[in-house]
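Novice: Before anything else, here's the structure in question.
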Amino acid sequence: MTERQTTLEIPVSVEGQGLHTGTMGKMTFYPAPANHGIKFKRIDLEGQPLIDALIENVISTSRGTCIGSNGAKVYTIEHVMAALRGMNIDNALVEINMEEIPIKDGSSKYFVKAIREAGIRELDAEREYIEITENISIEIPEKKTRIEIRPSKRFSLNVTIDFESRVLGEQTAVMDDIKEFQDKISPCRTFVFLHELEFLLKNNLIKGGDLNNAIVFVNHQLPQSEIDYLADLFHKPRVKVNGNGILNNLSLYFDNEPARHKLLDMIGDLYLLGKPIKGHVTAYRPGHHANTEFARLISDKISVVTND
Ligand SMILES: [Zn+2]
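In our numbering, each number is its position in the sequence shown, counted from 1, plus 20.
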């Protein structure tokens, strides 16, 4: 069966705040022709520079994946890239008027919703996959990270996280087919440990933080006064630590939502290969640095073949 490339039927926008800059901005997905791929366009900058969503343009992976070229950058692209891959969108031009993708609720849910609203159009061109023909793996011993991909007819992932923490130990998430992305993976929100949040706040590295944006794990005992201080910083009513070590009033969508979110991040980062992949990924303690290094390694070894 031949699969066709796709794009969006009509343009669609998502507005919201950037997590790190705190700026409000607007992002619009536009339809694009076959073999265009995914590109970002900074419409707030002179000359409206384009940035191809490709692994060679990754310039930073601290607290999110950032791409840059032509003198422009876009931060935190991974949840949008995951939504595009998860919805099987091959071609789109993503215009944005700030340097960071809106964080929304820290998942891919709102991007998926926008793509669904716009509709998906098939193009008169065959979809090309990156077919994995041999096992490829990467290890980062200092982070106890290992990622491997092996040949498969589908794109599937098995992701295990282990923060060696009382409140967030080993947890695994599985996706057997990209068809599962929308319901099982796309709503899964990002998470953070309270001690990281304190560091980010004190160093002015997080501004758009709203406690709705992330699941916050508290892995050490804190006096209520400190929790209240954080709540005040976020302009929220006072918050408490729930029994499962989660700070705010969120309830998890899934017991393993954090592992599912790391799986979501991997889908987004691997889509920087520029084409959908066929292969089974097994990952232990992945992260944006490891994911993008792994994508670079695959990029060096792949042969692109047309789906039959
Ligand atoms: Zn993420």
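Where a beta carbon is used, it is the ideal one built from N, C-alpha and C, also for glycine.
What residue does the beta strand (DSSP E) around Tyr304 start on, and which one ends it?
Specialist: Taken as a continuous stretch (DSSP letters only), the beta strand (DSSP E) holding Tyr304 covers Ile297 to Tyr304.
Novice: Excluding five sequence neighbours on each side, which residues of the same chain lie with their C-beta closer than 7 Å to the C-beta of Ser319?
Specialist: Cβ within range, chain order: Ile75 and Leu293.
Novice: Roughly how many whole angstroms lie between the Cα atoms of Thr43 and Ala52?
Specialist: Near 27 Å, if we compare the C-alpha coordinates of Ala52 and Thr43.
Novice: Using only the alpha-carbon positions, how far apart do Asn262 and Gln241 sit?
Specialist: Roughly 12 Å between the two C-alpha positions.
Novice: Can you tell me whether Arg136 is buried or exposed, with buried defined as 16 or more other CB within 10 angstroms of its CB?
Specialist: So Arg136 ends up on the exposed side.
Novice: Would you say Asp72 touches ligand 1, meaning its beta carbon is less than 6 Å from a heavy atom?
Specialist: No, since every heavy atom of ligand 1 falls outside the 6 Å radius drawn around the Cβ of Asp72.
Novice: Which residues mark the beginning and the end of the alpha helix (DSSP H) in which Ser319 is found?
Specialist: That run of the alpha helix (DSSP H) goes His308 to Lys321.
Novice: Kindly indicate which residue of Ser82, Asn311 and Ile205 has the alpha-carbon position closest to the one of Leu104.
Specialist: Nearest of Ser82, Asn311 and Ile205 to Leu104, Cα basis: Ile205.
Novice: If you draw a straight line from the C-alpha of Ile97 to the C-alpha of Ile121, how long is it?
Specialist: Spanning the two alpha carbons is a distance of roughly 6 Å.
Novice: Within its chain, find whatever has a CB closer than 7 Å to the CB of Gly88; leave out the 5 residues flanking it on each side and keep chain order.
Specialist: Once the five neighbours on either side are set aside, the close Cβ partners of Gly88 are Ile71, Asn77 and Ile79.
Novice: So which of Lys298, His56 and Glu119 has the shortest CA-CA distance to Asp197?
Specialist: Comparing Cα-Cα distances from Asp197 to each of Lys298, His56 and Glu119, the minimum goes to Lys298.
Novice: Going by alpha carbons, who is nearest to Lys164 out of Ser176, Ile181 and Asn155?
Specialist: Considering only alpha carbons, the answer is Ile181.
Novice: According to DSSP, simplified to helix, strand and coil, what is Ile235?
Specialist: Three-state DSSP puts Ile235 in a strand.
Novice: Flag this pair as touching only if the region 273-283 and the region 149-168 have three or more C-beta atom pairs under 8 Å; answer yes or no.
Specialist: Too few Cβ pairs lie closer than 8 Å, so no.
Novice: Applying the 10 Å Cβ sphere with the 16-neighbour rule, what's the burial state of Thr22?
Specialist: Exposed, by the Cβ-count rule.
Novice: Given 6 Å as the limit, tell me if Asp196 has its C-beta closer than that to any heavy atom belonging to ligand 1.
Specialist: No.
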